[in-house]
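Undergrad: Have a look at this one.
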DNA sequence: TGAATAAATAAGAATATACTAATATAATGA
DNA sequence: TCATTATATTAGTATATTCTTATTTATTCA
């Protein structure tokens, strides 16, 4: 299986998307567990439109995908992105955000659709 | 030897520096061969001040260091940067820019101080 | 020393980015 | 159906970014 490398413009555009602490946080979080918008709002203490706008950038860049579950929209990594292996290699070294998700859970603020 | 991981803010700030095609190009190029400013000007077809300003950002972020050799200032990766391993892992997947350096060489536009 | 070359810096302008506030859309459930 | 909740979108604003042009600083060499 041939591995696809990003050209330099594509690589820069992906790094630009990741080069914002909110978006990097979102990507790291959903690499560990899919989440919905209101969870990001809690997690990053930002307004809902601000979060939504970051998510749209990530979606426009093809890094994330969304799945509606009832009234919530869950975001997850788009594993079909041609350079997702590279993205994974990058975020692997970024500290886990699981602890923050656990805190949400403790506060009863996690959304569960099972 | 303990490996140092960037916290998420630091990681985002490094990715932001890399998330520009000129700066990513500079970093990739000097990961293969140190270069001076006038070579970047040729390589990226940009004005000298524009290149200089990108280099300053990279230097302020600690990613590159400079060495004066006569009238030229050569830039190279700052191998002492605490997260240089991570940076290397990122740029490893970015296509080599050696060919472009070779073209410069052919045009007699490479600077050599040996 | 003075001309030429290399690079940095500063000031200003155009554009991009990341917010806020207000509003629209979509789904749920009484 | 209507109130509620979740999310997206829009318009506007403040700030950041990336250039350009002009100038300054540093080095070389005749």
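Residue numbers (UniProt numbering), protein chains in the order written: chain A, 1 to 114; chain B, 1 to 114. Don't be surprised by glycine CBs; every beta carbon is placed ideally from N, CA and C.
(1) Cβ closer than 9 angstroms: which chain A residues qualify as neighbours of residue 115 (chain B)?
(2) In whole angstroms, what is the alpha-carbon distance linking residue 5 (chain B) and residue 27 (chain A)?
(3) Please confirm whether residue 72 (chain B) has its beta-carbon closer than 7 angstroms to some beta-carbon of chain A.
(4) Check whether the Cβ atoms of residue 29 (chain A) and residue 38 (chain A) sit closer than 7 angstroms, and answer yes or no.
(5) Would you list, in chain order, the members of the segment 77-99 of chain B that have their beta-carbon closer than 9 angstroms to a beta-carbon of chain A?
(6) Under 7 angstroms between C-beta atoms, does residue 25 (chain B) make it to chain A?
(7) In chain order, which continuous runs of the beta strand (DSSP E) of length 3 or greater are located wholly inside the UniProt domain "HTH arsR-type" (4-97) of chain A?
(8) Can you tell me whether DSSP reads residue 99 (chain A) as helix, strand or coil?
(9) Let me check understanding here. Comparing Cα to Cα, which of A:47, A:77, A:46 lies closest to residue 59 (chain A)?
(10) How many angstroms separate the CA atom of residue 9 (chain B) from the CA atom of residue 94 (chain A)?
(11) For the structure I just gave you, are there three or more beta carbon pairs, one from the segment 83-90 of chain A and one from the segment 8-25 of chain A, closer than 8 angstroms?
(12) Can you find at least 3 beta carbon pairs, one from the segment 40-60 of chain A and one from the segment 16-25 of chain B, that sit closer than 8 angstroms?
(13) Within 10 angstroms of its Cβ, does residue 79 (chain A) collect 16 or more other Cβ (buried), or is it exposed?
(14) Answer yes or no: does any C-beta atom of chain A fall closer than 7 angstroms to that of residue 5 (chain B)?
(15) Within the 7 angstroms Cβ cut-off, does residue 50 (chain A) reach chain B?
(16) Compute the distance between the beta-carbons of residue 100 (chain A) and residue 24 (chain A), then report whether it is under 7 angstroms.
(17) Taking residue 117 (chain A) and residue 63 (chain A) to be in contact with their CB atoms under 8 angstroms, please state how far apart those CB atoms are, rounded to whole angstroms.
TA: In this structure, then:
(1) Residue 115 (chain B) falls outside the range modelled here, since chain B spans only 1 to 114, and no answer is possible.
(2) C-alpha separation (whole angstroms): 17 angstroms.
(3) It does not: the Cβ of residue 72 (chain B) has no partner Cβ on chain A nearer than 7 angstroms.
(4) Not in contact: residue 29 (chain A) and residue 38 (chain A) (Cβ atoms no closer than 7 angstroms).
(5) Residues of the segment 77-99 of chain B whose Cβ lies closer than 9 angstroms to any Cβ of chain A, in chain order: 83, 85, 86, 89, 90, 91, 92, 93, 94, 95, 97.
(6) Interface residue, yes.
(7) The qualifying runs are 64-69, 72-77.
(8) DSSP places residue 99 (chain A) in helix when its eight states are reduced to three.
(9) Of all alpha-carbon atoms in A:47, A:77, A:46, the one lying nearest the alpha-carbon of residue 59 (chain A) is that of A:77.
(10) In a straight line, the C-alpha of residue 9 (chain B) is about 10 angstroms away from that of residue 94 (chain A).
(11) Cβ pair count under 8 angstroms is three or more, so yes.
(12) Here the segment 40-60 of chain A makes no contact with the segment 16-25 of chain B; the two share fewer than three CB pairs at distances below 8 angstroms.
(13) By the neighbour-count rule (16 or more Cβ atoms within 10 Å), residue 79 (chain A) is not buried but exposed.
(14) Closer than 7 angstroms to the CB of residue 5 (chain B) there is at least one CB belonging to chain A.
(15) Closer than 7 angstroms to the CB of residue 50 (chain A) there is not a single CB belonging to chain B.
(16) Against a cut-off of 7 angstroms, the Cβ pair of residue 24 (chain A) and residue 100 (chain A) comes out as no contact.
(17) The structure shown does not extend to residue 117 (chain A), since chain A is modelled only from 1 to 114, so the question has no answer here.
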